[in-house]
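These notes are about the structure you will find just below.
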Amino acid sequence: MSKCKFEHLIDEYLLNRLSEKDKESFEEHYFNCSSCFEKLRERDIIIRTIKNNPALLLEDKAEVRSSVLASFKKELAAFLTPRPLALAGITALLILIVIFAIVPRSQAPAPNFFLTDEETVRGSSITLISPVIDMNNIPSSFEWKKLGDNVEYQISISNHQLLWKATTKENRITLPDEVKAKMSPGEKYSWQVKAFSPDGTLIAVSSRVQFKIAGR
Amino acid sequence: MAHRIDEDIQELVVRYRPIIAFRVRKALGPQNVDCEDLVSEILSQVLEKIQNGEFRGDSSLGTFVYTITSRRIVDYIREKTKVMKYAPEPAPYPDPQESLEAREMSERIKKALERLKPKYREAIYLYYYQELSREEVAARLGVSTRKVSELVNYALKLIRKELKS
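Line by line, the protein sequences give chains H and S.
No gaps in the numbering here: position 22 of the first sequence is 22 in my numbering, and each next residue is one more.
No gaps in the numbering here: position 132 of the second sequence is 132 in my numbering, and each next residue is one more.
See below:
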């Protein structure tokens, strides 16, 4: 059988993929070309046999799967010999050492969760009442909003440095004369209150409020 | 001379009967009981027209026979449509039981299919059974379209080899 230029249309024709026009041209062709007709007839029987016996071909799918599984098992078995297994163990150990011993050291230090005197925490806070604006005279007392019973407050007053620090269970405190003496008109001061529970745990911090004592 | 014409007619029938039969079965479905009658009728028409001098050699004899076949198929479908309103839907892929030869071929093809290596079986399963395009088969198998053509063509070659053995 010689090769015919229409031969590639055999499958397309039998699988009904040709347009009506191409189908008619091909039909006219095989009425004239015995080579194409013989191939067409043979291919038709092959395709119909395949169509009617898919199980013959599907069995190979199981074979393909089983052959893939078999080769995987083979590879696994080859891998699970003592030498590669020992190598894998050593590699895993080295990786664990790197993860747990070396990597943490090279990282930045963990954040510090202890508050210094100059730090504040967000969340629970104390509202300062007085003084919160500029004063004509040196204030004689400091007052803030009460948080609850059994709370100890620590007040600190600063200008460029810490001027005075005191504790009280009240929500106000009178400024001692010796501290008043250190304060002078025209200067800026700031104050802050921290609240502690009876066991000494910091429970609230106020914002640091500034006030200025008017000059004479 | 009459002997010569008889020989020509014999040759014509031997050559065109299978082609006409193939075309008719493809159009009407091999289960259609009228197929054989229609084929005989078409052959008679062809011989009659040739004897009446209607074949003047303007086209090839093949094209002449094809035209008569196609017209008769169209007429048959039209007649049936009138009677039944709708022509019967032909079964697309009936078992090739129409001839002893086809049945024998089919048995040999089955044997050849069983012997094929999985890669060829998978390719022809997707291409002929599932009717995927070469591109779709290529995507499924993770190979090139060219490789799909090679797999299908080689599988066909092996089946043909079995048919010729």
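C-beta: ideal position from N, C-alpha, C; glycine also.
- Message: Check this for me: beta carbons of Ser190(H) and Ser158(H), under 8 Å apart or not?
- Response: Indexing the first sequence from 1 puts residue 190(H) at position 190. Indexing the first sequence from 1 puts residue 158(H) at position 158. Cβ atoms of Ser190(H) and Ser158(H): closer than 8 Å.
- Message: Give me the chain S residues within the contact set of Lys3(H), using Cβ-Cβ distance strictly less than 9 Å, ordered along the chain.
- Response: One-based indexing of the first sequence puts residue 3(H) at position 3. Neighbours of Lys3(H) on chain S: none; closest Cβ ~12 Å, over 9 Å.
- Item | Exposed unless 16 or more other CB atoms sit within 10 angstroms - verdict on Asp58(S) | By 1-based counting over the second sequence, the position of residue 58(S) is 58. Asp58(S) is exposed by the Cβ-count criterion.
- Taking 8 Å as the threshold, find out whether the region 164–183 of chain H comes into contact with the region 132–143 of chain H through three or more Cβ pairs. With contact defined as three or more Cβ pairs closer than 8 Å, the region 164–183 of chain H and the region 132–143 of chain H are in contact.
- Mind checking who Glu143(H) pairs with in its DSSP beta bridge? Sequence index remark: in the first sequence, residue 143(H) carries index 143 (1-based). In DSSP, Glu143(H) forms a bridge with Ser130(H), Arg172(H).
- So, using beta-carbon positions, are Val193(H) and Tyr153(H) closer together than 8 Å? Mapped onto the first sequence, residue 193(H) falls at position 193. Mapped onto the first sequence, residue 153(H) falls at position 153. For Val193(H) and Tyr153(H), yes; Cβs fall inside 8 Å.
- Burial state of Lys3(H) (16 or more Cβ within 10 Å): As a working note, residue 3(H) is residue 3 in the first sequence. Per the 10 Å Cβ criterion, exposed.
- Query: Going by Cα to Cα distance, which pick from Gln161(H), Ser197(H), Lys51(H) is closest to Leu147(H)?
  - Reply: In the first sequence, counting from the first residue as 1, residue 147(H) sits at position 147. It is Ser197(H) whose Cα lies nearest to the Cα of Leu147(H).
- Query: Apart from the five residues just before and just after Val132(H), which ones in its own chain have a Cβ nearer than 7 Å to its Cβ?
  - Reply: In the first sequence, counting from the first residue as 1, residue 132(H) sits at position 132. Result list for Val132(H): Val209, Phe211, in chain order.
- Under the three-state DSSP convention, the category Asp60(H) falls into: Counting from one through the first sequence, the residue named residue 60(H) turns up at place 60. Model confidence at Asp60(H) stands at a pLDDT of 49, short of 50, so the residue's coordinates are unreliable; what they give is reported in the following sentence. Three-state DSSP puts Asp60(H) in a helix.
- Rounded distance between the beta-carbons of Phe31(H) and Tyr66(S), thought under 8 Å: Here residue 66(S) refers to the residue found at position 66 of the second sequence. Here residue 31(H) refers to the residue found at position 31 of the first sequence. That belief holds up - the Cβ atoms of Tyr66(S) and Phe31(H) are roughly 4 Å apart, short of 8 Å.
- Just how far apart, CA to CA, sit Val179(H) and Ala101(H)? The sequence position of residue 179(H) within the first sequence is 179, counting from 1. The sequence position of residue 101(H) within the first sequence is 101, counting from 1. The straight-line gap from Cα to Cα measures roughly 54 Å.
- Message: Any beta carbon from chain S within less than 8 Å of Arg122(H)'s own beta carbon?
- Response: Counting from 1 along the first sequence, the entry for residue 122(H) is found at position 122. Reliability fails at Arg122(H), whose pLDDT of 48 lies under 50, so the model's placement of it is uncertain and the value that follows must be treated cautiously. It does not; no Cβ of chain S falls within 8 Å.
- Task: Determine, using beta carbons only, whether Glu122(S) and Leu141(S) come nearer to each other than 8 Å.
- Result: Along the second sequence, one-based indexing puts residue 122(S) at 122. Along the second sequence, one-based indexing puts residue 141(S) at 141. In this structure, Glu122(S) places its C-beta atom within 8 Å of the C-beta atom of Leu141(S).
- Query: Applying a beta-carbon distance threshold of less than 7 Å, which residues of chain H neighbour Gly62(S)?
  - Reply: Your numbering for residue 62(S) matches position 62 in the second sequence. What Gly62(S) touches in chain H: Phe31, Asn32.
- Message: Residues of chain A with CB closer than 8 Å to the CB of Leu156(S), please, in chain order.
- Response: Absent from the structure: chain A. Protein chains present are H and S.
- Message: Let's test the definition: count the other Cβ atoms within 10 Å of the Cβ of Ala21(S) and tell me whether it reaches 16, buried, or not, exposed.
- Response: Reading the second sequence from its first residue, position 21 is the one you call residue 21(S). Buried is the call here.
- With C-beta atoms as the reference, is Ile124(S) less than 8 Å away from Leu58(H)? Locating residue 124(S) in the second sequence gives position 124, counting from the first residue. Locating residue 58(H) in the first sequence gives position 58, counting from the first residue. Not closer than 8 Å, so no.
- Task: Determine the contact status of Leu151(S) and Lys119(S), defining contact as a CB-CB distance below 8 Å.
- Result: Position 151 of the second sequence, counting from 1, holds the residue named residue 151(S). Position 119 of the second sequence, counting from 1, holds the residue named residue 119(S). Cβ distance < 8 Å, so Leu151(S) and Lys119(S) count as in contact.
- Query: Going along chain S, which residues have a C-beta under 7 Å from Leu56(H)?
  - Reply: One-based indexing of the first sequence puts residue 56(H) at position 56. Residues of chain S passing the Cβ test: Lys110, Leu113, Glu114.
- Item | Length of the line joining the Cα atoms of Lys49(S) and Pro54(H) | Indexing the second sequence from 1 puts residue 49(S) at position 49. Indexing the first sequence from 1 puts residue 54(H) at position 54. Those two C-alpha atoms are separated by around 45 Å.
- Message: Within the continuous alpha helix (DSSP H) that includes Glu152(H), where are the two ends?
- Response: As a first step, residue 152(H) must be located in the first sequence, where it is residue number 152. That residue, Glu152(H), is in no alpha helix (DSSP H); its beta strand (DSSP E) goes 152–158.
- Item | Residues that Val193(H) bridges to, as DSSP identifies them | Residue 193(H) sits at position 193 when you count from the first residue of the first sequence. Paired residues: Ile155(H).
- Query: Residues of chain S with CB under 7 Å from Glu28(H), in chain order?
  - Reply: Here residue 28(H) is taken as the residue at index 28 of the first sequence, counted from 1. Within chain S, the residues near Glu28(H) are Thr63, Tyr66.
- Message: Nearest by alpha-carbon distance to Glu162(S): which of Asn52(H), Ile46(H), Ile213(H), Asp199(H) is it?
- Response: Counted from its first residue, the second sequence places residue 162(S) at position 162. With distances taken between Cα atoms, Glu162(S) lies closest to Ile46(H).
- Task: State yes or no: is the beta carbon of Ser44(S) nearer than 8 Å to at least one beta carbon in chain H?
- Result: If you number the second sequence from 1, residue 44(S) lands on position 44. Taking Cβ atoms only, chain H never reaches closer than 8 Å to Ser44(S), which makes this a no.
- Message: What would DSSP say about Leu163(H), mapped onto helix, strand or coil?
- Response: Residue numbering aside, residue 163(H) sits at position 163 when the first sequence is read from its first letter. Under the three-state reduction of DSSP output, Leu163(H) falls in the strand class.
- Task: Classify Lys5(H) as helix, strand or coil using the three-state DSSP reduction.
- Result: As a position in the first sequence, residue 5(H) is number 5, starting the count at 1. In the structure shown, Lys5(H) sits in coil (DSSP, three-state: anything other than H, G, I, E or B).
- Message: Rounding to the nearest angstrom, what Cα-Cα distance links Ile155(H) and Pro139(H) in this structure?
- Response: Mapped onto the first sequence, residue 155(H) falls at position 155. Mapped onto the first sequence, residue 139(H) falls at position 139. Distance between the alpha carbons of Ile155(H) and Pro139(H) is about 14 Å.
- Taking C-beta to C-beta, are Leu14(H) and Phe26(H) nearer than 8 Å? Position 14 of the first sequence, counted from the start, is the residue given in the question as residue 14(H). Position 26 of the first sequence, counted from the start, is the residue given in the question as residue 26(H). No; because the gap between Cβ atoms is not below 8 Å, this pair is not in contact.
- Message: So Leu28(S) and Asp34(S) are supposed to be a Cβ contact under 8 Å. How far apart are they, rounded?
- Response: Here residue 28(S) is taken as the residue at index 28 of the second sequence, counted from 1. Here residue 34(S) is taken as the residue at index 34 of the second sequence, counted from 1. Indeed, because the Cβ distance is near 7 Å, the residues count as touching under 8 Å.
- Chain-ordered chain H contacts of Glu54(S) [CB-CB under 8 Å]: Here residue 54(S) corresponds to residue number 54 of the second sequence, with the count starting at 1. Chain H residues near Glu54(S): none, gap ~17 Å exceeds 8 Å.
- Please check the pair Thr145(S) and Glu131(S), which I expect to be a contact at CB under 8 Å, by giving their CB distance rounded to whole angstroms. Indexing the second sequence from 1 puts residue 145(S) at position 145. Indexing the second sequence from 1 puts residue 131(S) at position 131. Incorrect: roughly 16 Å between the Cβ atoms, too far for contact.
- Query: Using the C-alpha atoms, what's the distance from Ala166(H) back to Gly123(H)?
  - Reply: As a position in the first sequence, residue 123(H) is number 123, starting the count at 1. As a position in the first sequence, residue 166(H) is number 166, starting the count at 1. Because Gly123(H) carries a pLDDT of 49, less than 50, the predicted location of this residue cannot be relied on, and the following value inherits that uncertainty. Spanning the two alpha carbons is a distance of roughly 23 Å.
- Task: For Lys39(H), count neighbouring Cβ atoms within 10 angstroms of its own Cβ and tell me buried if that reaches 16, exposed if not.
- Result: For the purposes of this step, residue 39(H) is taken as the residue at position 39 of the first sequence. That one is buried.
- Query: Does DSSP classify Ile10(H) as helix, strand or coil?
  - Reply: Translated into the one-based positions of the first sequence, residue 10(H) becomes position 10. If DSSP states are grouped into helix, strand and coil, Ile10(H) belongs with the helices.
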